[in-house]
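Taking it in order: structure first as structure tokens, then the write-up.
Numbering (my numbering), first residue to last: 3 to 298.
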């Protein structure tokens with residue numbers, strides 16, 4: 003079996019939605035209930051306030067309250083990683099400090115978006131966050147949303163910092179990922195569910211999954227099968243989840259919208275999305291439920 007870098011936050015991580023009440027307020031009780039379910043069903047880590055967690059429309063105070071509530075709910079049974087990324091370095095460092103005080107175990111920091119900084123500025127941004135907190139840092143490489151990727155050469159440089167420990171990989175460039183994995187100890191987490199098994203098979207650390215909000219046990223079983231040497235079983239598990247992954251992540255709707263629609267249909271904490279997002283319609287929700295049922 004391919005050797006892999008140790009996974010600093012576990013292998014099976016969920017990019018958790020942020021539950022809201024029907025009125026649109028932060029639902030901390032719902033967040034605690036959902037977090038407990040996810041960990042009970044196999045998640046080894048929970049990533050809060052990422053894209054799936056609607057970080058662009060939650061306040062700094064809500065982000066801190068969410069970390070405290072979820073950390074209390076999981077009580078050391080899973081690692082809590084707080085998304086603190088923004089396009090303002092000073093603000094990101096402030097968010098990192100607040101997340102550390104609230105009880106986070108690590109930080110997820112996205113490439114600064116919209117301003118399209120050059121690579122030396124990208125590196126300076128991440129290093130400022132790593133120096134401004136005592137927590138380990140995951141770099142979030144998602145150029146489709148930010149407009150700027152983290153170049154492999156920049157990742158090689160950043161890997162030298164002792165608190166920069168891994169990457170959430172949404173760059174859709176598995177060759178570049180393998181180049182960096184082969185030359186560093188960075189833990190690579192698949193951030194796109196269709197790559198969960200593929201990246202793991204070449205030595206990735208695991209996944210940070212939106213789809214894990216609804217099928218955490220199934221996705222965990224894919225990694226467990228691979229680790230047990232049952233590569234055929236791992237393949238079957240990944241392919242069985244593919245129709246649901248396709249509907250949730252590639253249907254033209256954000257994963258936040260589809261995850262909340264399906265969680266709501268299952269009677270689990272979710273609530274509405276915040277504007278500018280709009281909820282999924284009934285036809286979409288019915289299709290999601292059918293695909294979920296087919297996974298078994």
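Just so it is clear, CB atoms sit at the ideal spot from N, CA and C, and this is done for glycine as well. Everything numeric in this text was worked out from a predicted model, so none of it was measured.
Query	Result
Range covered by the alpha helix (DSSP H) that runs through residue 176	176-185
Whole-number beta carbon distance between residue 209 and residue 191, since they are thought to touch under 8 Å	6 Å
Buried versus exposed, by CB contacts within 10 Å (16 or more), residue 280	exposed
Selection from 137, 138, 197 and 19 that minimises the alpha carbon distance to residue 256	19
Distance CB(residue 140)-CB(residue 167) smaller than 8 Å	yes
Of the listed residues 284, 297 and 177, nearest to residue 247 (C-alpha basis)	297
Simplified DSSP state of residue 41, which is helix, strand or coil	helix
Bridge-paired residues (DSSP) for residue 68	Answer is none; residue 68 lacks a bridge partner.
The alpha helix (DSSP H) enclosing residue 247, as first and last residue numbers	233-251
Nearest-angstrom Cα separation, counted from residue 106 out to residue 73	7 Å
Residue 138 classed as buried or exposed, judged by whether at least 16 other C-beta atoms fall within 10 angstroms	buried
Sheet register partners of residue 192 (DSSP bridge)	171 and 209
Delimiting residues of the alpha helix (DSSP H) encompassing residue 115	Counting along the chain, residue 115 falls outside any alpha helix (DSSP H), and DSSP gives it neither H nor E.
Beta-carbon proximity of residue 15 to residue 50, cut-off 8 Å	no
Outcome for residue 78 when other beta-carbon atoms lying within 10 angstroms are tallied against a minimum of 16	exposed
Top-ranked residue by Cα proximity to residue 269, from 213, 32 and 11	32
Buried/exposed call for residue 118, threshold 16 Cβ in 10 Å	exposed
Counted within 10 angstroms of its Cβ, other Cβ atoms place residue 8 as buried (16 or more) or exposed	exposed
Three CB pairs or more closer than 8 Å across the region 59-72 and the region 114-129	no
Cβ pair residue 249, residue 290 closer than 8 Å	yes
Residue nearest to residue 12 in terms of C-alpha spacing, selected from 230, 24, 236 and 226	226
Own chain, CB closer than 7 Å to residue 52, minus 5 neighbours either side, in chain order	17, 85 and 110
Cα-Cα separation between residue 206 and residue 295, rounded to whole angstroms	29 Å
Distance between residue 252 and residue 259 (C-alpha atoms, nearest Å)	12 Å
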